[in-house]
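Everything below concerns the one structure shown next.
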Amino acid sequence: MKDNYRIAALVALMVGAIGVTGVVEAREGHGRYGPEHDFSELDADGDGLVTMEEMVAHREARFDSADTNSDGFLSAEEMTAQAQERVARRVARMIERHDENGDGQIGKDEMNGHEDRRAHMFERMDSDGDGAISEEEFEEGKARHAGRRHRHGEGSASE
2 MKDNYRIAAL VALMVGAIGV TGVVEAREGH GRYGPEHDFS ELDADGDGLV
52 TMEEMVAHRE ARFDSADTNS DGFLSAEEMT AQAQERVARR VARMIERHDE
102 NGDGQIGKDE MNGHEDRRAH MFERMDSDGD GAISEEEFEE GKARHAGRRH
152 RHGEGSASE
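Quick look at the structure:
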C-alpha cells in the first residue's frame, strides 16, 4: 500500500510537470479550474461586469508588464524572468499550504499529509482498477489533464 502512495505521488508530480510546460504564459498562476484572477482586477471600470474589452486590456497590460524593454516583443529573457516570478509565488503558496509547523520548509511528513488526494488521483488514473498504472493509462491521464487545461482557457503565451 505504501508503494501505491509513492507511485501516486510520482504520478501527481509528473502530471503537475505537464502543467509547468506552459511556464512561458504571460499571466498569473493557475488554479484547478483556470487562471486565478481577482474579479476586481478584470473589472477595470468597477461596474460589476467584465467585458471582452476589459479582458483584452488586462491581457495586454500583462504582456506590457512582461515586456520590460518596451519593444513590443517578449524575449526569452523577459519570459524567463516572468516565469521565475510566477514560480516563486507558487512555491511560496505551496510552502504556506503545506508547512504545518511554520518553519518555512516542507518536510516529508508534511508532504505526505495529503494521502487521500493522492490515492484518489491514483485510482482515477488506474482505470482498470488493477492497482497499477500502465503506460496507456498514464498517457490517457495526461491527455485528460491537458484537455481540462485547454477547456478552461489556458495555453497561449499572450493571454
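First residue of the sequence shown: 2, per our numbering; consecutive thereafter.
For glycine and all other residues, C-beta sits at the position ideal for the given N, C-alpha and C.
Start-to-end residues for the alpha helix (DSSP H) that takes in threonine 52: The sequence position of residue 52 within the sequence shown is 51, counting from 1. Premise fails: threonine 52 is in no alpha helix (DSSP H) and is neither H nor E.
Candidates Asp110, Met53, Asp68: closest to histidine 99 by CA position: Reading the sequence shown from its first residue, position 98 is the one you call residue 99. Ranking Asp110, Met53, Asp68 by Cα distance to histidine 99 puts Asp110 first.
Alpha-carbon spacing of glutamine 83 relative to alanine 67, whole angstroms: Position 82 of the sequence shown, counted from the first residue, corresponds to residue 83. Position 66 of the sequence shown, counted from the first residue, corresponds to residue 67. If you take the alpha carbons of glutamine 83 and alanine 67, they lie about 6 Å apart.
Reduced DSSP category for isoleucine 134 - H, G, I as helix; E, B as strand; rest coil: Position 133 of the sequence shown holds residue 134. In the structure shown, isoleucine 134 sits in coil (DSSP, three-state: anything other than H, G, I, E or B).
For isoleucine 107 and threonine 52, the rounded distance between their alpha carbons: The count along the sequence shown starts at 1 and reaches residue 52 at position 51. The count along the sequence shown starts at 1 and reaches residue 107 at position 106. In a straight line, the C-alpha of threonine 52 is about 41 Å away from that of isoleucine 107.
Proximity of serine 128 and glutamate 140 at Cβ, strictly below 8 Å: Taking the first residue of the sequence shown as position 1, residue 128 is located at position 127. Taking the first residue of the sequence shown as position 1, residue 140 is located at position 139. Not a contact, by the Cβ cut-off of 8 Å.
Residue burial classification, arginine 119 (beta-carbon count within 10 angstroms, cutoff 16): For this step, residue 119 is matched to residue 118 along the sequence shown. That one is buried.
Glutamate 101 in three-state terms, based on DSSP: By one-based count along the sequence shown, residue 101 stands at place 100. Reduced to three states, the DSSP call for glutamate 101 is coil.
Coil, strand or helix - phenylalanine 64 by DSSP: Within the sequence shown, residue 64 is the residue found at index 63, counting from 1. Helix.
C-beta contact flag for alanine 45 and glutamate 55 at 8 Å: By one-based count along the sequence shown, residue 45 stands at place 44. By one-based count along the sequence shown, residue 55 stands at place 54. Closer than 8 Å, so yes.
Integer Cβ distance of glutamate 138 from methionine 126, believed to fall under 8 Å: Counted from its first residue, the sequence shown places residue 138 at position 137. Counted from its first residue, the sequence shown places residue 126 at position 125. Contact holds; Cβ gap of about 6 Å.
Assumed close pair isoleucine 170, glycine 105 - CB separation to whole angstroms, cut-off 8 Å: The requested residue 170 is not part of the displayed model; the chain covers only 2 to 160.
Span separating the alpha-carbon of serine 76 from that of aspartate 131: Here residue 76 refers to the residue found at position 75 when the sequence shown is read from its first residue. Here residue 131 refers to the residue found at position 130 when the sequence shown is read from its first residue. Approximately 47 Å, taken between the alpha carbons.
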